[in-house]
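>
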Amino acid sequence: MHTDAHHRPSGAASILASAFAGFAELVVFHPIDTISKRLMNNRDVVTPEGDKLRTVIYGEAAKRGALAQYKSLFPGFQYAVTYKVLQRSYQFGGQPFVVNWLERRWGSWFKAKFRKRAQTAVQATAGLVIGMGEVVLLPLDALKVKGQTNPSLLHGTSPWALLVRPSSLRKLYSGAGWTAARNMVGCFALFGASAAAKDIIYDLNEGKEKATLMQTLVASFCGAIASIALASPFDVIKVRVQAAPAEARVSGFAIARNIIRLEGMRAFGKGLVPKLLAAGPKITFSFTIAQQLSSFFSAHINSQPPALRAL
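For the sequence shown, the tail end lands on 311 under UniProt numbering, and the numbers increase by one without skipping.
#1: May I ask which residues mark the beginning and end of the alpha helix (DSSP H) holding residue 252?
#2: Taking buried to mean at least 16 other C-beta atoms within 10 Å of its own C-beta, is residue 88 buried or exposed?
#3: Closest to residue 42 by CA distance: which of 294, 237, 280 and 78 is it?
#4: Looking only at its own chain, which residues have a Cβ that is under 8 angstroms from the Cβ of residue 225, when we skip the five neighbours before and after it?
#5: Roughly how many whole angstroms lie between the Cα atoms of residue 191 and residue 37?
#6: Return yes when the Cβ of residue 145 is within less than 8 angstroms of the Cβ of residue 243, no when it is not.
#7: Confirm the yes/no value for this check: CB of residue 124, any heavy atom of the ligand PLP, distance under 7 angstroms.
#8: For residue 187, which residues in the same chain have their Cβ closer than 6 angstroms to its Cβ, ignoring the five residues on either side in sequence?
#9: Do residue 230 and residue 185 have their C-beta atoms within less than 8 angstroms of each other?
#10: With three or more C-beta pairs closer than 8 angstroms as the rule, is the segment 284–304 touching the segment 13–31?
#11: Applying the criterion that 16 or more other CB atoms from any shown protein chain within 10 Å of the CB defines a buried residue, is residue 228 buried or exposed?
#12: By the 10 Å Cβ neighbour count, where 16 or more other Cβ atoms means buried, how is residue 30 classified, buried or exposed?
#13: How far does the alpha helix (DSSP H) with residue 38 in it reach, from first residue to last?
#14: Can you give me the start and stop residues for the alpha helix (DSSP H) that residue 135 sits inside?
#15: Among 179, 176, 62 and 118, whose alpha-carbon lies nearest the alpha-carbon of residue 103?
#16: Which residues in the same chain as residue 181 place their Cβ atom closer than 6 angstroms to its Cβ, once the five residues preceding and following it in sequence are excluded?
#17: May I ask which residues mark the beginning and end of the alpha helix (DSSP H) holding residue 61?
#18: Report the rounded CA-to-CA distance for residue 290 versus residue 14, giving the unit in angstroms.
#19: The alpha helix (DSSP H) that contains residue 193, what's its start and end?
#20: DSSP on residue 96, reduced to helix/strand/coil?
#21: According to the Cβ coordinates, are residue 32 and residue 57 closer than 8 angstroms?
#22: Between residue 288 and residue 220, is the Cβ-Cβ spacing less than 8 angstroms?
#23: Residue 214: buried (16+ other C-beta within 10 angstroms of its C-beta) or exposed?
Here it is as structure tokens:
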């Protein structure tokens, strides 16, 4: 299966652009992500009116001033920076490497099976593979979620030391299976729906990196919405596993059973609306920036002398 390699950004450019996109995404969207996580972790029924919702969102800062409430939405920020930059570098920077590998090894198979949609299938499959490996970053994500949903769990501890202490590291990998499932579904939908949008809406079946800014923005939005919606049930379980106290070994299946028994199936959609409102633009923002900047950085790298280009 042939693609236009001339227009494909270099690996270094993709990773650099993805890291920048991850940092920019965090600075802009971290407070809204915190609100979404706290709503997903909440087990009570809340209404838009009254103090209950404010308490869920702001915690102890609910009765303080506006500035204190805003600052309360930035717990775990140091872990979030590390996690988000690594996550986006791995996702957006690593997926093109998997695409190249799939095209070399299985290109003819994809072409025979999916014909005109072969490139879309390759993009989605590469996303699935990338999502599977993303579970390696789970400890950083767990620290971020604990800081967002229950900051008191990290008081009096050295969170960075938890990453090098074997017993603590094992606990931070709680829910790894559910996280892997969520990431696989999410990345499959993100890259697959984005590629499908470019293919179906704009007829960019080959050389998708030649898309304009608006085409990339629309395709990224389609991918973001599909990713969030399909991964939502896994996300609710993942957040509750990660938010549990370290001494409480709670399985994802037990949480799922309790959700169905006590809260009903609709609870798997908790936090979906704020997550769509927050993570939809967030993923669209970072995915678009990563793709656009990768082309910019690649052009800059290719303009350098060969000795510097090889670095």
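Even glycine gets a Cβ: it sits at the ideal position worked out from N, Cα and C. For clarity, every value in this text was computed on a predicted model and none was experimentally measured.
Answer, in terms of the structure:
#1: 252–258
#2: buried
#3: 237
#4: 193, 276 and 280
#5: 24 angstroms
#6: yes
#7: No copy of the ligand PLP occurs in the structure displayed, which carries no ligand at all.
#8: 127, 130 and 131
#9: yes
#10: yes
#11: buried
#12: buried
#13: 11–41
#14: From DSSP, residue 135 is part of no alpha helix (DSSP H); its letter is neither H nor E.
#15: 118
#16: 234
#17: Careful: residue 61 lies outside any alpha helix (DSSP H) and carries neither H nor E.
#18: 7 angstroms
#19: 176–200
#20: helix
#21: no
#22: yes
#23: exposed
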